[in-house]
Amino acid sequence: MSDVNPLAASERDRPVSLAAFLGVTVTHEQLMERLEDVIDPELGLGIVDLGLVYEAEVVDGIARILMTTTTPACPIGAYLTDSIRNALFGLDGVLDVEIELTYEPRWSPGLMSDAAKQALGWA
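The numbering of the sequence shown is this note's numbering, which starts it at 43 and goes up by one.
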């Protein structure tokens, strides 16, 4: 008797997505909504409105965030990444959070939303 697997080799070797297996997905809107609640304690504004979040996506249950801080020497970088983790782990379907800090491109006030500029009196 032969041991025949009806699945093609490529399907058998493909990694299983735990998030897909559990049937949970996180939309970009849900992710951004949670990130909007993360506040920069020095400025009192959300990191999304400040333009600190460059990219945000969830792939296979892993939230991947590419972000910056207002300066490379910003003393609250660890605080912000911890706050992001706390916010995103509250979403069903986020199994892990990976945050990459980058300084290319450098942050500038031009990245802020109009609401953030207005709140700081820059508009």
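A virtual CB, placed ideally from N, CA and C, is assigned to each residue, including glycine.
Exercise for the section: Whole angstroms is fine: what's the gap from residue 72's alpha carbon to residue 79's? Expected result: Between residue 72 and residue 79, the C-alpha separation is close to 11 Å.
Practice task
Below 8 Å on the Cβ atoms is my guess for residue 104 versus residue 140; work out the distance and round it to an integer in Å.
Solution key: 6 Å
Problem - Per DSSP, the bridge partner or partners of residue 105 - result: 100, 139
Problem - residue 154 classed as buried or exposed, judged by whether at least 16 other C-beta atoms fall within 10 angstroms - result: Taking every protein chain shown into account, the CB of residue 154 has 16 or more other CB atoms within 10 angstroms, so this residue is buried.
Handout entry: Given 8 Å, three or more beta-carbon pairs between the region 109-119 and the region 128-139
Key = The region 109-119 is not in contact with the region 128-139.
Problem - residue 164 versus residue 149: straight-line alpha-carbon distance, rounded - result: 16 Å
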